[in-house]
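S.K.: Start counting the sequence shown at 617; every next residue gets the next number (this note's numbering).
The beta carbon of each residue, even a glycine, is placed where N, CA and C say it ideally should be.
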Amino acid sequence: MSLHLPSFPYPPSGEGYWGTQTSTINWCEEDYYATIYSAEIVNTATNLIFVYLAYKGVSSCIRYGHERIFLIGYLGYLSIAIGSMCFHSSLKYPMQLLDELSMIYTTSIMVYALFSHRQSTRVRIAIFLALLSLAVFITAYYHYLQDPKFHQDMFALLTALVTFRSMWLMEFRLRPSRRPKRADAKKLDVAEQARVDRRDEDILKTMWSMYGCGVGAFGVGFLIWKMDNIFCPTLRGWRREVGLPWGILLEGHGWWHIFTGFAGYFNLTRLIWLRYCLEGKQDGFQLAWPSVFTSVPVVVRVENQKRKSK
617 MSLHLPSFPY
627 PPSGEGYWGT
637 QTSTINWCEE
647 DYYATIYSAE
657 IVNTATNLIF
667 VYLAYKGVSS
677 CIRYGHERIF
687 LIGYLGYLSI
697 AIGSMCFHSS
707 LKYPMQLLDE
717 LSMIYTTSIM
727 VYALFSHRQS
737 TRVRIAIFLA
747 LLSLAVFITA
757 YYHYLQDPKF
767 HQDMFALLTA
777 LVTFRSMWLM
787 EFRLRPSRRP
797 KRADAKKLDV
807 AEQARVDRRD
817 EDILKTMWSM
827 YGCGVGAFGV
837 GFLIWKMDNI
847 FCPTLRGWRR
857 EVGLPWGILL
867 EGHGWWHIFT
877 GFAGYFNLTR
887 LIWLRYCLEG
897 KQDGFQLAWP
907 SVFTSVPVVV
917 RVENQKRKSK
């Protein structure tokens with residue numbers, strides 16, 4: 617493999633400011649080649665996408681008054697970025713826990729948001745205590761095992777709960793042909809009912825598009841993550857051959873951060889919109905997504921969006 621791109625060679629790995637690695641994982645990026653203050657500079661810097669998207673999410677929650685549970689969710693999403701930056705910079709075990717357990721806790725918050733909606737106080741408390749107990753168990757047992765696969769399996773389980781519960785709500789609580797008739801629902805005339813049904817069908821199409829974008833981004837990120845782990849020696853050789861800055865494009869774990877950052881944001885935003893739809897507020901809120909390629913979706917109040925477009 618012979619490439620002739622303008623580049624400069626990778627510096628040798630050196631000793632870092634944070635001392636000897638104590639984490640149970642060390643990813644494919646070479647350590648301390650760019651600065652003594654960050655063991656894995658690309659894996660650290662790519663978390664900035666989480667910071668930016670967390671800012672977008674928190675701002676939208678404050679501006680449009682979304683439910684507090686989603687503000688907490690976006691703050692949890694931000695904590696993942698902070699934990700990951702600390703971990704990849706230092707390769708210290710406590711920072712590894714901060715990174716990985718933030719993923720567990722934030723996903724647990726979304727599980728609670730999905731399963732507690734419209735439940736009685738007693739049921740909500742039971743769900744909260746069950747998830748709290750699960751989070752404590754995962755924390756304690758993971759610290760005991762110190763096996764990253766256990767963390768990955770638990771994160772996958774919680775993510776599956778969020779995914780399938782939200783899909784079920786979309787299809788069996790929002791789709792007009794499948795949702796149950798509520799006894800306290802306002803009776804509409806034929807024309808208005810037809811409009812409402814068309815509106816909800818259109819909303820579902822967009823929601824499924826968001827779902828596809830999120831799952832697609834996560835799938836691509838996961839594939840790159842696996843390839844980065846399996847073919848690490850080969851990738852390191854290629855990076856050394858092409859030099860900097862081009863070798864950065866072959867940092868697979870950094871791409872994992874970028875793709876999963878977008879996937880997580882899409883999922884959280886979709887859940888906010890789904891919550892409003894389940895509460896019958898479709899005419900009061902809508903998804904603002906001017907361009908699939910140059911913007912990210914935000915749930916806004918309809919009057920704010922109309923005023924902005926004038």
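Taking 6 Å as the limit between beta carbons, can you name the residues of its chain near phenylalanine 731, skipping five residues before and five after?
M.R.: Around phenylalanine 731: Ile743.
S.K.: Could you check whether the Cβ of serine 676 sits closer than 7 Å to any heavy atom belonging to the ligand ADP?
M.R.: The ligand ADP is not part of the structure shown, which contains no ligands of any sort.
S.K.: Identify whether valine 908 lies in helix, strand or coil by the three-state DSSP scheme.
M.R.: In the structure shown, valine 908 sits in coil (DSSP, three-state: anything other than H, G, I, E or B).
S.K.: Which complete beta strand (DSSP E) runs does the region 764 to 852 hold, if anything under 3 residues is left out?
M.R.: None, since the region 764 to 852 contains no complete beta strand (DSSP E) of that length.
S.K.: Just tell me which of Phe838, Phe909, Ala729, Trp872 has its CA closest to the CA of alanine 661.
M.R.: Alanine 661 has its Cα closest to that of Trp872, out of Phe838, Phe909, Ala729, Trp872.
S.K.: Does the beta-carbon distance from lysine 672 to valine 914 come in below 8 Å?
M.R.: Yes, they are a contact pair.
S.K.: Name the DSSP bridge partner or partners of valine 916?
M.R.: Paired residue(s): Gln902.
S.K.: Consult DSSP for serine 705 and reduce its assignment to one of helix, strand or coil.
M.R.: Here serine 705 sits in helix by DSSP.
S.K.: Specify the secondary structure class of threonine 755 as computed by DSSP and reduced to three states.
M.R.: Residue state, collapsed to three classes: helix.
S.K.: Tell me whether phenylalanine 875 sits in a helix, a strand or coil according to DSSP, three-state version.
M.R.: Correct three-state label for phenylalanine 875: helix.
S.K.: Give the straight-line distance between the Cα atoms of glutamate 808 and tryptophan 824, rounded to the nearest whole angstrom.
M.R.: In a straight line, the C-alpha of glutamate 808 is about 24 Å away from that of tryptophan 824.
S.K.: List the endpoints of the continuous alpha helix (DSSP H) containing isoleucine 678.
M.R.: Here the alpha helix (DSSP H) through isoleucine 678 covers 664 to 680.
S.K.: Taking its Cβ as the centre, do 16 or more other Cβ atoms sit within 10 Å of alanine 704, making it buried, or is it exposed?
M.R.: The residue asked about is misnamed: residue 704 is histidine in this sequence, not alanine. With 16 or more Cβ atoms within 10 Å of its Cβ, histidine 704 is classed as buried.
S.K.: According to DSSP, is threonine 737 helix, strand or coil?
M.R.: In the structure shown, threonine 737 sits in a helix (DSSP, three-state: H, G or I).
S.K.: Would phenylalanine 686 pass as a contact of leucine 884 if the rule is Cβ separation under 8 Å?
M.R.: Contact flag set, yes.
S.K.: Thinking C-alpha only, which one of Phe847, Trp854, Gly877, Leu774 is nearest tyrosine 668?
M.R.: If we check each option's Cα against that of tyrosine 668, Gly877 comes out closest.
S.K.: Taking 6 Å as the limit between beta carbons, can you name the residues of its chain near arginine 795, skipping five residues before and five after?
M.R.: Cβ within range, chain order: Arg789.
S.K.: By a C-beta neighbour count over all protein chains shown, 10 Å radius and 16 as the cutoff for buried, is asparagine 663 buried or exposed?
M.R.: Buried is the call here.
S.K.: Report yes or no: is there a C-beta of chain C within less than 8 Å of the C-beta of arginine 740?
M.R.: Protein chain content of the structure displayed is limited to a single chain, and chain C is not contained in it.
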